[in-house]
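Report on one structure; see the data block that follows.
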Amino acid sequence: MTRTVDVDLTDPQLYKDGFPHDIFTELRRNGPVHRHPAVEGRPGIPSIPFWAVVAHSEIQQANRDWKSFAAGDGPMVGPDKLMSTGRTLLTLDPPDQTEMRKIISSEFTPRMIATLEQRIIDRTAQVLHSAAGHTCDFVRDIAYQVPMHLIADIIGIPESDRSWVFERTDHLLKCGDPSGGYSDDQRLGLQAELFEYAQQISSQKRAHPADDVWTKLAARLDGFELETFFLLLSLAGSETTRNALSLGLVALFEHPDQMAELRSNQKLVAAAADEVLRWSSPVLLFGRTATRDLTIGGQDVNAGERVVFWYPSGNRDETVFEDPFRFDIHRSPNPHLAFGGGGVHYCLGANLAHKEIEVVLGAIAAGYDIEPAGAPVWTGAGPVHNVGVGIDSLPVRIAARR
């Protein structure tokens, strides 16, 4: 018997204050996979039915089975014609994906991240020093600054260009919200500006090679592949880490005993970063297209149908995580799905994001007093975008500890 979702998961109102965990919990209680009917008139969401995968095991299973669940139509709820027209890391499966991933993954290994660690530490110290001593917006002034500067360091973007790139990247992120006040022309204009910048910096790297990732990528990739990877690094590399840091800090505000533990024992920072990633689920969903008739979670899926993995639901799965609605920096094991369910599509930036969260939260716990100075303001378009929910503003008072 087909299980059908009796609530509209594409309704942006469900996500105005975070994830609808009560709805996900009820769905899991009734089965791991549900048929979601087509919704008419929802801006940014195609009017097609899809399968909602809400349980950890089935999300992980489907995430790893690229032969049955193809990435070619993009990661959103419905097929994305723009993304599927070119070769991008998000829309390729092996063997083409293997080739491109091999080129890029050599720059994002644990060993490479270890070499970047001091740079992360230095940049975090600089950002926190600038923010300390007054009330600031944690999202804009800290959580966004650290990952964006690290991405800029990796790409080799000159310091003089960064404010321009950061501003356009931030606006392009906000264009994903149909209620955000941006027109299609503005979105396409911002995208064109960043594509043109990627072309310019690639030409510069080829003419004047430097010891950075972009010099190596520009020697092996070209055109649309390189431009879209620039956007992927700039957007996904900053937005997910920003969301995790912001939601992680809110969780620590709500659990001051655990912040106190971090202050007294920095060895807990790595486990805390994993719990922050589970708790925040910075990626809302990923869509795939079934390549064959199959059965998953007791439901019969036909070839060509869309299948959507809901990571926040998988990260609260009661069958995997004991007391999943408890924030616990001691949680172990912690097989969260923040970076996907493993396999060939496991996030290339997972090691970098984890290290950034470790360093930023560890530095705050070790050397700063921080407290909320206002309520967090949520933003996002919900499932219009696969990274569609986050905190837009979080006022804090931060001061260096004497």
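For the sequence shown, full-length UniProt numbering gives the first residue as 1, with consecutive numbering after it.
Yeah, the Cβ is synthetic: ideal placement off N, Cα and C, and Gly gets one too.
- Within the DSSP bridge table, the entry for Ala399 names Asp369 as partners.
- Taking a 10 Å sphere around the C-beta of Phe325, we find fewer than 16 other C-beta atoms and assign the residue as exposed.
- Remark: C-beta atoms of Ser202 and Ala218 approach each other more closely than 8 angstroms.
- Residue environment: Tyr15 is assigned as buried (16 or more neighbouring CB atoms within 10 Å of its CB, all protein chains considered).
- Using a Cβ distance threshold of 8 angstroms, Gly237 and Pro147 count as a contacting pair.
- In the three-state reduction of the DSSP assignment, Phe50 falls in the strand class.
- Contact annotation: the region 45-63 touches the region 285-303, with at least three C-beta pairs closer than 8 angstroms.
- Pairwise C-beta distances place the region 347-355 out of contact with the region 65-74, as fewer than three of them are shorter than 8 angstroms.
- Look at Ile154 here: in three-state DSSP terms it is helix.
- If you ignore the 5 residues before and after Thr88, its C-beta comes within less than 6 angstroms of the C-beta of Thr228, all in its own chain and listed in chain order.
- By the neighbour-count criterion, in which a residue is buried when 16 or more other Cβ atoms sit within 10 angstroms of its Cβ, Tyr346 is exposed.
- For Gln97, the enclosing alpha helix (DSSP H) has its first and last residue at Asp96 to Ser105.
- Trp310: member of the beta strand (DSSP E) spanning Arg306 to Trp310, first to last residue.
- Judged by DSSP in its simplified three-state form, Leu394 adopts coil rather than helix or strand.
- Restricting attention to Asp222, Gln266, Ala143 and Leu233, the CA atom closest to the CA of His330 is found in Gln266.
- In the structure shown, Asp122 falls within a helical segment according to DSSP collapsed to helix, strand and coil.
- Beta-bridge pairing by DSSP links Cys136 to Val396.
- Note on Gln61: 16 or more other CB atoms within 10 angstroms of its CB, so buried under the neighbour-count rule.
- If you keep only unbroken beta strand (DSSP E) runs of at least 3 residues inside the region 329-366, you get nothing at all.
- Within the region 184-255, the complete alpha helix (DSSP H) segments at least 4 residues long are 184-207, 213-218 and 223-254, listed from N- to C-terminus.
- In this structure, the straight-line span from the alpha carbon of Phe224 to that of Asp212 is close to 20 angstroms.
- Of the other Cβ atoms in all chains shown, fewer than 16 fall within 10 Å of the Cβ of Lys67; this residue is therefore exposed.
- In this structure, the alpha-carbon of Pro312 lies about 31 angstroms from that of Gly367.
- No residue range can be given for Asp73, since it is assigned to no alpha helix (DSSP H) and is classified by DSSP as neither H nor E.
- In the displayed model, Thr295 falls within a strand according to three-state DSSP.
- Listed in chain order, the non-local C-beta contacts of Glu356 below 7 angstroms within the same chain comprise Ile120, Val146, Pro147, Leu150 and Thr241, local neighbours out to five positions each way being set aside.
- By a beta-carbon distance limit of 8 angstroms, Leu262 contacts Leu361. Their separation comes to about 7 angstroms.
- For Val384 and Arg278, the gap between their C-alpha atoms comes out near 22 angstroms.
- Spanning the alpha carbons of Arg29 and Asn63 requires a straight line of approximately 21 angstroms.
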